[in-house]
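Going by full-length UniProt numbering, the sequence shown opens with residue 1, and the numbers climb by one from there.
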Amino acid sequence: MKKFLSALLLSCGLAYGQNDIPTDYFSNPLDIKLVLSGNFGEMRSNHFHSGLDLKTQQREGLPVYAPADGYVSRINVQHYGYGKALYILHPNGYTTVYGHLRSFAGDIEKYVKDTQYSKETFELERFPDKTLLPVKKGDLIAYSGNTGGSGGPHLHFEIRDSSQRPMNPLLFGIEIPDTKKPIVSAVFAYPIGEDAHVNQGQNRTKLRLIKQKDGNYKAENITAFGKLGFGITTYDQQDGASNKNGSYKIETRFNGSEKFEVLFNKFAFSETRYLNRYTDYNYYKTNKSMVQKLFRESNNPLSIITKEDENGYITVQDSLQSIYTIEVNDFKGNRMYISVPIEGAELEILEPKDIVKTDDYIYADHATSITKGKFSIYIPANSLYEDTYLDIKDEGEVLKFHEDVIPIHSNISITADISAYNEADKDKLYIGRLNYKGLPYYTATTRSGDKLTARTRTFGSYTVAADTTAPKIKPVNFSEGKWISNQNFLKVKITDDLSGISSYRATINNKFILMEYDYKKDVLTYNFNDNINLETENNLKVIVIDNVGNSATFEAQFFRKQP
Numbered sequence: 001m002k003k004f005l006s007a008l009l010l011s012c013g014l015a016y017g018q019n020d021i022p023t024d025y026f027s028n029p030l031d032i033k034l035v036l037s038g039n040f041g042e043m044r045s046n047h048f049h050s051g052l053d054l055k056t057q058q059r060e061g062l063p064v065y066a067p068a069d070g071y072v073s074r075i076n077v078q079h080y081g082y083g084k085a086l087y088i089l090h091p092n093g094y095t096t097v098y099g100h101l102r103s104f105a106g107d108i109e110k111y112v113k114d115t116q117y118s119k120e121t122f123e124l125e126r127f128p129d130k131t132l133l134p135v136k137k138g139d140l141i142a143y144s145g146n147t148g149g150s151g152g153p154h155l156h157f158e159i160r161d162s163s164q165r166p167m168n169p170l171l172f173g174i175e176i177p178d179t180k181k182p183i184v185s186a187v188f189a190y191p192i193g194e195d196a197h198v199n200q201g202q203n204r205t206k207l208r209l210i211k212q213k214d215g216n217y218k219a220e221n222i223t224a225f226g227k228l229g230f231g232i233t234t235y236d237q238q239d240g241a242s243n244k245n246g247s248y249k250i251e252t253r254f255n256g257s258e259k260f261e262v263l264f265n266k267f268a269f270s271e272t273r274y275l276n277r278y279t280d281y282n283y284y285k286t287n288k289s290m291v292q293k294l295f296r297e298s299n300n301p302l303s304i305i306t307k308e309d310e311n312g313y314i315t316v317q318d319s320l321q322s323i324y325t326i327e328v329n330d331f332k333g334n335r336m337y338i339s340v341p342i343e344g345a346e347l348e349i350l351e352p353k354d355i356v357k358t359d360d361y362i363y364a365d366h367a368t369s370i371t372k373g374k375f376s377i378y379i380p381a382n383s384l385y386e387d388t389y390l391d392i393k394d395e396g397e398v399l400k401f402h403e404d405v406i407p408i409h410s411n412i413s414i415t416a417d418i419s420a421y422n423e424a425d426k427d428k429l430y431i432g433r434l435n436y437k438g439l440p441y442y443t444a445t446t447r448s449g450d451k452l453t454a455r456t457r458t459f460g461s462y463t464v465a466a467d468t469t470a471p472k473i474k475p476v477n478f479s480e481g482k483w484i485s486n487q488n489f490l491k492v493k494i495t496d497d498l499s500g501i502s503s504y505r506a507t508i509n510n511k512f513i514l515m516e517y518d519y520k521k522d523v524l525t526y527n528f529n530d531n532i533n534l535e536t537e538n539n540l541k542v543i544v545i546d547n548v549g550n551s552a553t554f555e556a557q558f559f560r561k562q563p
């Protein structure tokens with residue numbers, strides 16, 4: 001009870017702090033009606049979503065405006081992740097972030113291009129002095145796009161506090177119409193401990209939900225005993241979109257007493273991978289559906305859990321009837337309510353807990369080294385969330401390193417002995433994780449003598465693979481010796497079937513040109529507006545290197561009229 005009171009006082013403090021959040025300071029970054037394709041705290045692979053994904057009418061190039069005065073404090077341009085991203089620090093201490101941009105605007109774009117050309121690189125990260133790129137509220141700062149890891153055109157928008165922790169932008173008065181109740185698709189019960197059971201079973205149990213006349217749900221009565229936890233699969237939808245976004249708040253009660261609350265107002269980036277502890281990772285990997293566990297297990301420090309009594313677990317006693325309830329809320333207060341009637345009965349366990357015992361039992365708080373054939377594995381302490389059996393087998397050229405149904409928090413090292421390989425081939429070897437087709441997917445690999453080492457946070461089958469094939473380069477919108485005066489862009493397709501692209505460099509008439517790499521389309525693009533080429537006869541040279549050092553060079557001549 002003391003723990004619950006402490007958590008309650010902490011949540012009250014957080015709630016009080018929210019009263020100081022300015023709700024009329026930031027304007028909308030887009031001059032259109034805001035519709036979400038993703039919301040704050042939504043659960044993604046290995047992380048919580050840290051902002052709002054604002055739809056851009058299925059197109060790129062919408063103007064993005066500064067929502068308040070400030071200055072550009074950071075610019076990050078990368079092939080993956082946020083793609084082209086802009087950070088603005090405001091006088092009130094908050095930072096706004098804009099990701100997946102097509103391009104920057106005005107002085108910001110000039111600063112970026114000048115820096116890219118001076119450093120002869122597309123990817124860059126800069127922290128401009130506060131006097132260099134000031135902005136006023138309403139200034140045009142960028143254009144929306146689809147760069148980086150974006151799955152379609154949209155603007156990723158964040159608001160961060162003075163410690164760079166992302167906060168829910170809806171707290172700041174960003175208005176998203178929402179009249180829809182959250183959707184609940186499944187509820188699960190988890191027996192905890194040796195004597196606990198649900199319907200005489202000790203494994204995860206999916207409950208049958210019965211919809212009530214008021215739209216809420218009642219679960220079919222369960223018979224249970226001992227310590228239990230519950231989980232829920234739920235999502236929310238806002239007006240104007242069918243995207244399945246995350247819920248805002250989930251509260252549970254047992255016989256009317258508060259047990260657990262999760263609230264998506266703020267988190268730290270250092271926390272975000274603990275999503276794999278908060279959710280049922282095994283169920284997600286086998287069923288492609290996220291289950292939020294409404295209890296705190298060991299090694300789960302998430303601050304989104306704002307109230308808890310006995311870590312959210314309940315204890316069901318023999319011969320007593322009880323009721324467990326779950327309330328799911330969105331930010332606008334739309335609510336879905338689920339009740340679970342429980343009949344307490346200590347019965348014979350007919351379905352014991354599924355535990356597959358192997359030769360390799362790992363203690364989570366201990367570092368462990370394991371050797372299997374030519375492979376050795378190092379598991380640092382606290383790489384796993386709990387003690388567990390791992391199924392690890394050496395099958396000659398393949399290391400079967402369990403299945404990807406257990407989360408790994410910190411990197412595990414896999415080392416392979418390559419002394420049996422020809423010396424001439426060793427530089428072309430890498431460690432790859434086998435995909436569903438049995439093909440090796442490159443894992444970042446280093447070599448030291450006759451040892452290859454890769455670091456991974458994913459279980460699965462690994463092998464030593466060889467890549468002796470150079471990348472392929474071919475023109476997209478031009479051909480050798482042709483005039484391309486009417487083209488605004490020069491495009492080249494680059495591919496590598498095995499280890500993947502590591503780097504590239506392009507020149508025209510021996511002058512560096514900036515080619516943007518879209519890895520989703522395997523295309524390099526040069527914009528003639530950069531005005532690097534000022535000649536009629538032009539010689540293009542593109543060099544591409546893969547992850548094991550194979551290199552390909554493409555050269556072509558083209559002609560272009562001068563203005």
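Note that beta-carbon positions come from the ideal geometry of N, C-alpha and C, so glycine has one too.
Query raised in the report: With C-beta atoms as the reference, is G226 less than 8 Å away from A189?
Result: Going by C-beta atoms, G226 is not nearer than 8 Å to A189.
Requested in this report: Starting from Q116, follow the beta strand (DSSP E) in both directions and report where the run begins and ends.
Outcome: It is not in any beta strand (DSSP E) - Q116 instead sits in the alpha helix (DSSP H) that spans G106 to K119.
Query raised in the report: By how many angstroms is the C-alpha of Q57 removed from the C-alpha of D85?
Result: Checking the sequence, you will find Ala at residue 85 rather than Asp. So the alpha carbons of these two residues sit roughly 20 Å apart.
Query - Which of helix, strand or coil DSSP assigns to E310 - result: Under the three-state reduction of DSSP, E310 is assigned to helix.
Requested in this report: Just the C-alpha distance for K511 and E120, rounded to the nearest angstrom, thanks.
Outcome: C-alpha separation (whole angstroms): 10 Å.
**Report entry** Residue ranges of each beta strand (DSSP E) within the stretch 350 to 406, 3 or longer
**Finding:** With a minimum length of 3 residues, the unbroken runs of beta strand (DSSP E) contained wholly in the stretch 350 to 406 fall at 360 to 362, 368 to 372, 375 to 379, 388 to 390, 392 to 395 and 398 to 401.
Query raised in the report: Based on the DSSP secondary-structure assignment, which residues constitute the bridge partners of E125?
Result: Answer by DSSP bridge pairing, in chain order: N76.
Query raised in the report: Can you name, in chain order, every residue of its own chain whose Cβ lies under 8 Å from the Cβ of K426, other than the five neighbours on each side?
Result: These residues qualify, in order along the chain: I418, R447 and D450.
Query raised in the report: Cα-Cα, which of A420, P380 and G373 is closest to K400?
Result: If we check each option's Cα against that of K400, G373 comes out closest.
Requested in this report: Pull up the distance between the alpha-carbon of N76 and that of Y284, whole angstroms please.
Outcome: Just so you know, the alpha carbons of N76 and Y284 end up roughly 32 Å apart.
Query raised in the report: Is it true that the stretch 464 to 473 meets the stretch 483 to 496, where meeting means three or more beta-carbon pairs spaced less than 8 Å apart?
Result: Contact between the stretch 464 to 473 and the stretch 483 to 496 is established, with three or more Cβ pairs separated by less than 8 Å.
Query raised in the report: With a CB to CB cut of under 6 Å and the five nearest residues on each side skipped, what residues in its chain are close to V340?
Result: Around V340: A219 and Y324.
Query raised in the report: Where V523 and M515 are concerned, what is the direct C-alpha to C-alpha distance, given to the nearest angstrom?
Result: Straight through space, the alpha carbons of M515 and V523 are spaced by roughly 9 Å.
**Report entry** Given Y361 as reference, the closest of K541, I379, M336 and V198 once Cα atoms are compared
**Finding:** Answer by Cα proximity: I379.
Query raised in the report: To which residues of the same chain is P191 closer than 7 Å at the C-beta, ignoring the five residues directly before and after it?
Result: If we look at P191 and ignore the five residues flanking it on each side, its Cβ neighbours are H197, V198, Q202, G226 and L228.
Report task. Can you give me the start and stop residues for the alpha helix (DSSP H) that R505 sits inside? Result -> Run containing R505: none in the alpha helix (DSSP H); it sits in the beta strand (DSSP E), I501 to I508.
Query raised in the report: How would you label Q292, buried or exposed, when you count the other beta carbons within 10 angstroms and need 16 or more for buried?
Result: The residue is buried, with at least 16 neighbouring Cβ atoms inside 10 Å.
Requested in this report: Compute the distance between the beta-carbons of V72 and V135, then report whether it is under 8 Å.
Outcome: Cβ distance < 8 Å, so V72 and V135 count as in contact.
**Report entry** Local Cβ density within 10 Å of G148, reported as buried at 16 or more and exposed below that
**Finding:** That one is buried.
Requested in this report: Give the DSSP bridge partners of I418, in chain order.
Outcome: Answer by DSSP bridge pairing: none, since I418 is not bridged.
Requested in this report: Give the secondary structure of N411 by DSSP, where H, G and I count as helix, E and B as strand, and everything else as coil.
Outcome: Of the three classes helix, strand and coil, the one that applies to N411 here is coil, per DSSP.
**Report entry** Selected residue, minimal CA-CA separation from E346, among T234, Q200 and K206
**Finding:** Taking only the C-alpha atoms, the option nearest E346 is Q200.
Query raised in the report: Per DSSP, which one or two residues make a beta bridge with K482?
Result: DSSP output for K482 lists no bridge partner at all.
Report task. Would you decide whether I232 is buried or exposed? Buried here means 16 or more other CB atoms lie within 10 Å of its CB. Result -> Using a 10 angstroms sphere on the CB of I232, the tally of other CB atoms reaches 16 or more, which defines it as buried.
Query - Length of the line joining the Cα atoms of E327 and Y430 - result: The straight-line gap separating the alpha-carbon atoms of E327 and Y430 is approximately 50 Å.
Query raised in the report: Could you give the distance in angstroms between the alpha-carbon of G13 and the alpha-carbon of I370?
Result: Confidence is the limiting factor: at G13 the pLDDT is only 37, short of 50, which leaves the residue's position unreliable and the question unanswerable from this model.
Query - Residues that DSSP places opposite T524 in a beta bridge - result: Sequence check: residue 524 is Leu here, not Thr. L524 is bridged by DSSP to V492 and Y517.
Report task. Tell me the start and end of each unbroken beta strand (DSSP E) in the stretch 252 to 331 that is at least 3 residues and wholly inside, in chain order. Result -> Counting only runs of 3 or more, we get 257 to 263, 305 to 308, 314 to 316 and 321 to 329.
Query raised in the report: Does DSSP classify F48 as helix, strand or coil?
Result: DSSP places F48 in strand when its eight states are reduced to three.
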